[in-house]
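Colleague: Note that the sequence shown covers residues 0 to 126 in numbering that gives the first Met the number 0.
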Amino acid sequence: MIGSAEVLRALRAHGTIAWFRISAGVDPLDSLVRPPVVVWRYADPQDRVRLAIPPTVETFEGNVGWVADVSAENWYLQPRRVRDELSRAAPGYPGVLSDLKHGDQDFCIRATRDLELLLARIERLPD
Numbered sequence: 000m001i002g003s004a005e006v007l008r009a010l011r012a013h014g015t016i017a018w019f020r021i022s023a024g025v026d027p028l029d030s031l032v033r034p035p036v037v038v039w040r041y042a043d044p045q046d047r048v049r050l051a052i053p054p055t056v057e058t059f060e061g062n063v064g065w066v067a068d069v070s071a072e073n074w075y076l077q078p079r080r081v082r083d084e085l086s087r088a089a090p091g092y093p094g095v096l097s098d099l100k101h102g103d104q105d106f107c108i109r110a111t112r113d114l115e116l117l118l119a120r121i122e123r124l125p126d
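(1) Residue 7 by DSSP, collapsed to three states: which one?
(2) With distances taken from CA atoms, which of 125, 126 and 118 is nearest residue 38?
(3) Using the three-state DSSP reduction, which class does residue 69 fall into: helix, strand or coil?
(4) I need the DSSP call for residue 90, collapsed to helix, strand or coil.
(5) Hey, is the stretch 2 to 12 in contact with the stretch 110 to 126, meaning 3+ C-beta pairs nearer than 8 Å?
Dropping the structure here:
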């Protein structure tokens with residue numbers, strides 16, 4: 000199952016990563032699969048990558064719907080459901096990912112399988 004190292008390998012195909020936060024794979028504390036969320040910042044973001052990621056994600060047909068946002072300094076990739084749950088949560092509520100992890104392992108597993116395939120596509124973006 001995909002974890003942080005595999006995520007970073009795929010993203011590093013397009014530049015040096017200056018900062019990142021990744022939720023992916025099995026949580027070693029409770030052995031549950033986490034809902035995947037990837038947030039990162041390139042040291043020198045390339046326009047060709049910024050332009051290529053959104054359509055790659057939008058056209059991906061996986062187990063769950065996905066969204067990518069590359070409009071700000073930090074870029075993110077996450078299942079649409081995660082984005083929606085985060086946006087509906089009370090301001091400052093930190094438990095959204097934990098709630099999903101404990102409440103819907105089927106979703107977390109299906110989304111994690113997608114992440115592996117989606118990152119493989121992102122890693123192979125043309126130069």
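We treat Cβ as the ideally placed atom computed from N, Cα and C, and that holds for glycine.
Here the structure is a predicted model, which means the values were calculated and not measured.
Modeller: Considering the structure as presented:
(1) Correct three-state label for residue 7: helix.
(2) Selection 125, 126 and 118 evaluated against residue 38 yields 118 as nearest (Cα-Cα).
(3) DSSP places residue 69 in coil when its eight states are reduced to three.
(4) The answer is coil: DSSP assigns residue 90 none of H, G, I, E or B.
(5) With a cut-off of 8 Å, the stretch 110 to 126 and the stretch 2 to 12 count as touching, because enough Cβ pairs lie within range.
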